[in-house]
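The structure appears below as structure tokens.
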Amino acid sequence: MRSSALVAIVAWSAAVIGCASPQDKAACHPVASWAAPVMQCGGGHAAPPAPVTVAPPPAPEPEPAKPEPPREPPPTATLKTDKIEVSESVQFEDDSATLTERSQLLLDDVARQLADHPEAKKVQIESYTDATGTKQRSLKLSQERASAVKTYLVGKGVEAKRLTTKGFGETRPLASNKTDEGRAKNRRIEFRILRK
Amino acid sequence: MLAKTSMIACAVIGTTLLAGRAHAQLEPEPKPLEPATGETAGHAEDHAGGMERLTLPKGRLLLEAFLEINLSTDLVGKPISLSPDLWYGYDDKITIGLLHSGLGTTGFLGDPVHSLCLSGTSSGCNDVYRNVALEGRYQLQDRAFGFGWAAAGGLEVVNLSNPFELSVKLGAVGRWHQGLLAIEVQPSLVLALTERDTNNDELLLPITGLYELTPVISVSAQIGVVLPFEHTGDAYRVPLSLGGHYHVNESLGVTLAFSLPFLITGAPVGGFDGRSLILGGTYAF
Chain X
1 MRSSALVAIV
11 AWSAAVIGCA
21 SPQDKAACHP
31 VASWAAPVMQ
41 CGGGHAAPPA
51 PVTVAPPPAP
61 EPEPAKPEPP
71 REPPPTATLK
81 TDKIEVSESV
91 QFEDDSATLT
101 ERSQLLLDDV
111 ARQLADHPEA
121 KKVQIESYTD
131 ATGTKQRSLK
141 LSQERASAVK
151 TYLVGKGVEA
161 KRLTTKGFGE
171 TRPLASNKTD
181 EGRAKNRRIE
191 FRILRK
Chain Z
197 MLAKTSMIAC
207 AVIGTTLLAG
217 RAHAQLEPEP
227 KPLEPATGET
237 AGHAEDHAGG
247 MERLTLPKGR
257 LLLEAFLEIN
267 LSTDLVGKPI
277 SLSPDLWYGY
287 DDKITIGLLH
297 SGLGTTGFLG
307 DPVHSLCLSG
317 TSSGCNDVYR
327 NVALEGRYQL
337 QDRAFGFGWA
347 AAGGLEVVNL
357 SNPFELSVKL
367 GAVGRWHQGL
377 LAIEVQPSLV
387 LALTERDTNN
397 DELLLPITGL
407 YELTPVISVS
417 AQIGVVLPFE
427 HTGDAYRVPL
437 SLGGHYHVNE
447 SLGVTLAFSL
457 PFLITGAPVG
467 GFDGRSLILG
477 GTYAF
């Protein structure tokens, strides 16, 4: 009987390992816990600091080190009464729904706000484009971008049922679509709190 | 008996999986994108920056293994066990586990008699494969107000033979985390389904405190109470464990702990006579 149990368990384990997916592997990692499994998704790290390496001896005439460009402060999100206000626009790669790395940092902060404020029970992610494409294309792109934002936030642990999406295409512009500056303003994601 | 038990286990697992699938159909979970890889500033802020959850993301696997060595007076190395626990994220809410260790099955570190018991019948092992549990965990709340919790339950084969002892476990897992400090509680009720004369109902209440010394090193202390429903005054016990964790990298962590599983008990033995050393490893696939 014990042999049968062992065989069954080994088979189950092998099947489970076979089914394991690398999805989220980079996003979530185990944390120190005696109530495993406990995972941390997004944000911090649990990796040890990089090993210290001994610098090679300086060259006889080293070139003066170039000053590093000043580092931009990370984008932030703030929960207001009826919306989540973001310090800068959520940006995507050109003509796609792929988030830029910097916007992922911004969405990390949005996810943090939602985690810290469960009273924001329903948040609508509203996506707008500029008017450079056809109306149909703009509408589709805005819907895809809103979905991409939701997907990212869900990946960060926000409950999917708290988030709804809506793509408005090129409607409701904030500024003229005739200038670069105006178009940049019109391309935006807004987080509207529907229920508190 | 085993066939009947297997049927019960299959029914429970099947129901859990179907419930999870139904849940997933109602609210389709979009596939997450790759995360940002930004730098972080102090390790206290690191934890504030992420979401903690008491279940695995869909498709992820976590393997924990504990080498537990009895260090009790006159019983050093009798027994020694190596207990693997395997957790699988069925979806983002439901995680299932195949558990063998004391920590996995009861929430307490320290009792060294678990599968796989390696030191032989002359050194404290009745069988190599003595116990196994199938547990499910359902995430009820991610870390809101620094506190997350999940429902937990499953079937536990306390003893595979002579006699076959089966129990059902119902409980919850909670974790509060603020800054460098985390507190974990795992209350559970274990009800015997077979051999109720020897297989007792118990209330388990482990409480663990963890403090992060550095981004990769944490220390832990666990205390709690085990309350059998029969002969409670004689059989209750308060275990104590102290340990440390080291994160080797984002997938691998190791744990070293020292445990006094009978620090306080109604039985005439206990205190510092019962001791065990636990070396654990965690790997996330």
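Going down the list, the protein sequences come from chains X and Z. Sequential numbering of the first sequence, starting at 1, is according to my numbering. Sequential numbering of the second sequence, starting at 197, is according to my numbering. Every residue, glycine too, gets a C-beta built ideally from N, C-alpha and C. Note that the structure is a prediction, hence the values are computed from the model and not measured.
Residue i, buried or exposed, once every other Cβ within 10 Å from all chains shown has been counted against 16
| i | result |
| --- | --- |
| residue 393 of chain Z | exposed |
| residue 71 of chain X | exposed |
| residue 427 of chain Z | exposed |
| residue 94 of chain X | exposed |
| residue 136 of chain X | exposed |
| residue 322 of chain Z | exposed |
| residue 96 of chain X | exposed |
| residue 195 of chain X | exposed |
| residue 472 of chain Z | buried |
Per-residue contacts from residue i into chain X (C-beta, under 8 angstroms)
| i | result |
| --- | --- |
| residue 406 of chain Z | 32, 33, 34 |
| residue 455 of chain Z | Ordered by position in chain X, no residue passes the 8 angstroms Cβ test against residue 455 of chain Z, which lies about 11 angstroms from the chain. |
| residue 369 of chain Z | 35 |
| residue 383 of chain Z | Within 8 angstroms Cβ-Cβ: nothing; residue 383 of chain Z doesn't reach chain X, min ~11 angstroms. |
Nearest to residue i (by Cα), restricted to the options the options
| i | options | result |
| --- | --- | --- |
| residue 409 of chain Z | Z:358, Z:441, Z:453 | Z:441 |
| residue 437 of chain Z | Z:370, Z:303, Z:446, Z:396 | Z:303 |
| residue 352 of chain Z | Z:342, Z:358, Z:366 | Z:366 |
| residue 169 of chain X | X:176, X:182, X:142 | X:142 |
| residue 285 of chain Z | Z:250, Z:476, Z:419 | Z:250 |
| residue 29 of chain X | Z:447, Z:469, Z:417 | Z:447 |
| residue 183 of chain X | X:163, X:126, X:82, X:172 | X:172 |
| residue 147 of chain X | X:34, X:163, X:84 | X:163 |
| residue 279 of chain Z | Z:471, Z:299, Z:376, Z:272 | Z:299 |
| residue 335 of chain Z | Z:322, Z:326, Z:349 | Z:349 |
| residue 109 of chain X | X:165, X:149, X:82 | X:149 |
| residue 474 of chain Z | Z:255, Z:458, Z:262 | Z:262 |
| residue 384 of chain Z | Z:399, Z:372, Z:374, Z:378 | Z:399 |
| residue 362 of chain Z | Z:330, Z:376, Z:267, Z:404 | Z:330 |
| residue 254 of chain Z | Z:333, Z:271, Z:274 | Z:333 |
| residue 386 of chain Z | Z:378, Z:377, Z:364, Z:368 | Z:364 |
| residue 273 of chain Z | Z:315, Z:404, Z:282, Z:305 | Z:315 |
| residue 388 of chain Z | Z:268, Z:257, Z:355 | Z:355 |
| residue 403 of chain Z | Z:275, Z:324, Z:418 | Z:418 |
| residue 469 of chain Z | Z:258, Z:266, Z:256, Z:260 | Z:266 |
| residue 133 of chain X | X:187, X:73, X:32 | X:187 |
Contacts of residue i in chain X (Cβ-Cβ under 9 angstroms)
| i | result |
| --- | --- |
| residue 480 of chain Z | 25, 28, 29, 30, 37, 39 |
| residue 416 of chain Z | 32, 33, 34 |
| residue 380 of chain Z | 33, 34, 35, 38 |
| residue 168 of chain Z | Look at the range of chain Z in this structure, 197 to 481, and you will see that residue 168 of chain Z is not part of it. |
| residue 291 of chain Z | 37 |
Chain-ordered chain X contacts of residue i [CB-CB under 7 angstroms]
| i | result |
| --- | --- |
| residue 441 of chain Z | 32 |
| residue 398 of chain Z | Going along chain X, no residue has its Cβ under 7 angstroms from residue 398 of chain Z, so there is no contact; the nearest lies around 18 angstroms. |
| residue 258 of chain Z | 30, 36, 37 |
| residue 252 of chain Z | 37, 39 |
| residue 299 of chain Z | 34 |
Spatial distance of residue i from residue j (CA atoms)
| i | j | result |
| --- | --- | --- |
| residue 312 of chain Z | residue 452 of chain Z | 19 angstroms |
| residue 460 of chain Z | residue 467 of chain Z | 6 angstroms |
| residue 156 of chain X | residue 407 of chain Z | 24 angstroms |
| residue 41 of chain X | residue 113 of chain X | 15 angstroms |
| residue 24 of chain X | residue 181 of chain X | Caution applies to residue 24 of chain X, whose pLDDT of 47 falls short of 50 and renders its modelled position unreliable; the model cannot decide the point. |
| residue 431 of chain Z | residue 401 of chain Z | 15 angstroms |
| residue 138 of chain X | residue 80 of chain X | 28 angstroms |
| residue 328 of chain Z | residue 344 of chain Z | 27 angstroms |
| residue 423 of chain Z | residue 455 of chain Z | 18 angstroms |
| residue 478 of chain Z | residue 77 of chain X | 34 angstroms |
| residue 463 of chain Z | residue 391 of chain Z | 23 angstroms |
| residue 87 of chain X | residue 75 of chain X | 6 angstroms |
| residue 178 of chain X | residue 89 of chain X | 19 angstroms |
| residue 227 of chain Z | residue 296 of chain Z | In this predicted model, residue 227 of chain Z has a pLDDT of only 40, less than 50, meaning its place in the structure is not dependable; the value taken from the coordinates is given anyway. One C-alpha to the other measures close to 32 angstroms. |
| residue 131 of chain X | residue 185 of chain X | 11 angstroms |
| residue 49 of chain X | residue 176 of chain X | Low confidence applies to residue 49 of chain X: its pLDDT is 44, below 50, so where it sits in the model is not reliable enough to give any reading. |
| residue 347 of chain Z | residue 290 of chain Z | 10 angstroms |
| residue 101 of chain X | residue 450 of chain Z | 32 angstroms |
| residue 83 of chain X | residue 191 of chain X | 5 angstroms |
| residue 106 of chain X | residue 126 of chain X | 16 angstroms |
| residue 360 of chain Z | residue 325 of chain Z | 12 angstroms |
| residue 219 of chain Z | residue 32 of chain X | At residue 219 of chain Z, the pLDDT of 41 sits below 50, so the modelled position is not reliable; the number obtained from the coordinates is stated separately. Roughly 30 angstroms separates the two Cα atoms. |
| residue 317 of chain Z | residue 378 of chain Z | 40 angstroms |
| residue 269 of chain Z | residue 458 of chain Z | 13 angstroms |
Listed by chain order, chain Z residues near residue i by CB distance under 8 angstroms
| i | result |
| --- | --- |
| residue 111 of chain X | 247 |
CB contact below 8 angstroms: residue i versus chain A
| i | result |
| --- | --- |
| residue 372 of chain Z | Here chain A cannot be found, since the structure's protein chains are X and Z. |
My parser needs the alpha helix (DSSP H) runs of 4 or more residues fully inside the region 399 to 456 of chain Z; what are they? Listed in chain order, they are 428 to 431.
Where are the alpha helix (DSSP H) runs, 4 residues long or more, that stay fully inside the region 60 to 124 of chain X, in chain order? Those alpha helix (DSSP H) runs which fall completely within the region 60 to 124 of chain X and span 4+ residues are 101 to 116.
Please give the ranges of any beta strand (DSSP E) in the region 153 to 186 of chain X, keeping only runs that are unbroken, at least 3 residues long and fully inside the region. You should have 163 to 167.
For a minimum of 3 consecutive residues, which ranges assigned as the beta strand (DSSP E) are wholly contained in the region 264 to 325 of chain Z? Here the runs fully enclosed are 276 to 285, 290 to 295.
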